[in-house]
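To start, the structure under review is shown below, and the notes come after it.
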Amino acid sequence: MRFLYLLALLSFLQLTTIRQTQAQEQIRWMQFEEAVQASAAVPKLVLVDVYTDWCGWCKKMDKETFTDKDVIAFINAHFYPVKLNAESTDRSFEFRGKSYTEASIAKAMRVRSYPNFILMDARMENITQLPGYRKPKDFLESLERLMENFMQGED
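full-length UniProt numbering puts the last residue of the sequence shown at 155; the count rises by one with no breaks.
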């Protein structure tokens with residue numbers, strides 16, 4: 001009986017550790033207005049993932065690319081990451097004196113395909129768009145190149 005109790009306890013502890021590790025190994029997504037505030041306080045690049053609920057490639061990015069440990073570590077270290085539903089009008093927020101929904105700001109950013117990734121500087125100015133699905137390695141390489149080019153332009 002003690003053996004079963006000990007086995008159950010060890011299984012519980014192992015599951016708890018796995019869940020904690022998985023929770024730590026996630027991209028810390030923000031809402032757009034949270035990234036604006038965070039970037040104003042501590043300047044950092046902003047990566048906006050513009051998606052729709054019906055987009056199969058967006059779901060594939062979430063399932064395969066955004067769960068990759070290297071992608072997670074890179075995004076969390078270098079960006080304020082934002083998830084933006086290009087069709088959502090559920091909530092509104094203020095940005096530069098205007099009221100927006102997620103749908104209206106995606107339109108203002110001229111996003112026309114999904115998934116689409118907007119790279120913004122710390123002043124919340126659009127630097128570029130990175131449209132389309134990318135495998136983890138390709139996505140990381142694209143982000144690294146964009147960051148290198150941006151940093152060279154800042155000098």
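Glycine residues also receive a C-beta, built at the ideal position from the N, C-alpha and C atoms.
Give the straight-line distance between the Cα atoms of residue i and residue j, rounded to the nearest whole angstrom.
i, j, result
"F95", "E33", "7 Å"
"S39", "F139", "23 Å"
"R123", "L45", "9 Å"
"I105", "K137", "29 Å"
"residue 173", "E25", "Since the first residue shown for the chain is 1 and the last is 155, residue 173 is missing from the structure and cannot be characterised."
"Y80", "W29", "8 Å"
"E141", "P43", "23 Å"
Tell me residue i's beta-bridge partners as DSSP assigns them.
i, result
"Q31", "Q31 is not bridged to any residue."
"K59", "In the DSSP output, where bridge partners are listed per residue, K59 has none listed."
"D49", "K83, F117"
"N126", "M120"
"P131", "N116"
"S99", "E94"
Less than 8 Å between the CB atoms is what I'm expecting for residue i and residue j, so what's the real figure, rounded?
i, j, result
"V36", "L84", "About 12 Å separates the two Cβ atoms, so there is no contact after all."
"N126", "M109", "6 Å"
"A86", "T52", "5 Å"
inquiry  = Between the region 57 to 73 and the region 97 to 108, can you find at least three pairs of beta-carbon atoms closer than 8 Å?
reply    = no
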